[in-house]
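Colleague: Position 38 of the sequence shown, counting from 1, maps to 38 under the numbering used here, and the rest follow consecutively.
Next up is a structure, given as structure tokens.
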Amino acid sequence: MAGEKKTVVKPFRMTEKEAEKLKSDAMQRGMKESEYIRLLMSQKPNDYPEIRILLRDLINEVNAIGNNINQITRNHNSKLYRKEDRELLSAYMKKLNLLVKEVVDTLGNQ
């Protein structure tokens, strides 16, 4: 559908308040009003910029936590494992769970 030529024009009426909201919402997302309306019509939550940003941030955080867990595991395997490492590992897992819960809660409210 994205590659199709758009030939149909659908004029419709709205209040000044609705027009301002449409303009504002589209502008906040860096889109034209027509693009924003098409986005709303597509009903694809993964297309929403807020969700893309949340998922990108979550992926970056998961990668960073994964690197830290790998370092702790490497230390454990080389017999350099300390109590602090276990506490760090626990803290990273809690942080990871909180981040995932935050994204799930946010996606559930869309």
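Cβ coordinates follow ideal geometry from the N, Cα and C atoms, glycine included.
Is residue 72 buried or exposed, if buried means 16 or more other CB atoms sit within 10 Å of its CB?
Modeller: Buried.
Colleague: Roughly how many whole angstroms lie between the Cα atoms of residue 53 and residue 62?
Modeller: 14 Å
Colleague: Helix, strand or coil: how does DSSP classify residue 41 here?
Modeller: helix
Colleague: Hey, quick one: how far does the alpha helix (DSSP H) through residue 74 stretch, first residue to last?
Modeller: Boundaries of the alpha helix (DSSP H) around residue 74: 49-77.
Colleague: Out of curiosity, what's the CA-to-CA distance linking residue 92 and residue 68?
Modeller: Rounded to the nearest angstrom, the two C-alpha atoms are 8 Å apart.
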